[in-house]
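When we follow our numbering, the leftmost residue of the sequence shown carries the number 62, and every step to the right adds one.
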Amino acid sequence: VDLENGDILLPIYFKAKGDKYYRVTVLRCSFDGSTLRYVEQGNDLALESGRGVYEPSLVHCAGKFYLTLRNDTAGYVCVSDDGLHFSEPKKWCWGDGSDLGNYNTQQHWVAHRDDLYLVYTRRGANNDHVFRHRAPLFMAEVDKATLTVKRDTERVLVPERGARLGNF
Numbered sequence: 062v063d064l065e066n067g068d069i070l071l072p073i074y075f076k077a078k079g080d081k082y083y084r085v086t087v088l089r090c091s092f093d094g095s096t097l098r099y100v101e102q103g104n105d106l107a108l109e110s111g112r113g114v115y116e117p118s119l120v121h122c123a124g125k126f127y128l129t130l131r132n133d134t135a136g137y138v139c140v141s142d143d144g145l146h147f148s149e150p151k152k153w154c155w156g157d158g159s160d161l162g163n164y165n166t167q168q169h170w171v172a173h174r175d176d177l178y179l180v181y182t183r184r185g186a187n188n189d190h191v192f193r194h195r196a197p198l199f200m201a202e203v204d205k206a207t208l209t210v211k212r213d214t215e216r217v218l219v220p221e222r223g224a225r226l227g228n229f
C-alpha cells in the first residue's frame, strides 16, 4: 500500500530459523525513487496451525487497513488503524458465522470507494474435482464492522473451466 507521504506498507511472511510456523508482519519502508529503506515494522501475526500464516494481502479502505492471510485450513482476516499493528487473525466466515470454506490458498482484495470486496476460492461450490477447490474465483463484499463476508453479494468472478485459479 502506498501512503500519502510516499512511504510503502509491505506485508511479508517469514519463518525464523528453528521456528515451526510462518508469521506475517507489515513493514513500513521509505522509497526515494531508487532505494527502498526499512523504517519500522508492525506486530507479528501468528497461528500455530498447519504451516502458520503466510501470503498476506493488504488493502486500505475507508480509513482502515485490512490484511488477509493464508493458512492450511482456513483464510484469516485482521484489521488495523495504522497499517502496522493488526488485530488477532480471525477466521473468514459468512455473516451468519458459518465457515466461508476458504483454505490453503491466497485471497486478495478489491476496494471500490468505501466498499471492500474479497476475492477467494472455497469448498462447497460443486468444485470437489478441482485441486484444493481452486476454482472458480469468487468475489463478495466484506462487512467491515464484523469482518465477515456478505453471502448474498457473492458472485463468480472467473468461472471454473478446468483451470486451477486459487494462487492467482
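Note that the Cβ used here is the ideal one computed from N, Cα and C, for glycine as well. Being a predicted model, the structure only gives us computed values, none of them experimental.
If you draw a 10 Å sphere on the C-beta of Glu101, you find fewer than 16 other C-beta atoms in it, and that means exposed.
Under the three-state reduction of DSSP, Arg84 is assigned to strand. When rounded, the separation of the alpha-carbon atoms in Gly94 and Asp160 is 43 Å. With 16 or more other CB atoms across the displayed protein chains lying within 10 angstroms of its CB, Phe147 is buried. Judged by beta-carbon spacing, Pro197 lies beyond the 8 Å limit of Val171, meaning their Cβ atoms are not closer than that value. A distance below 6 Å between beta-carbons, with the five flanking residues on each side excluded, links Met200 to the following residues of its chain, in chain order: Tyr178, Val180, Arg216, Leu218.
By the neighbour-count criterion, in which 16 or more other beta carbons inside 10 Å mark a residue as buried, Glu65 falls on the exposed side.
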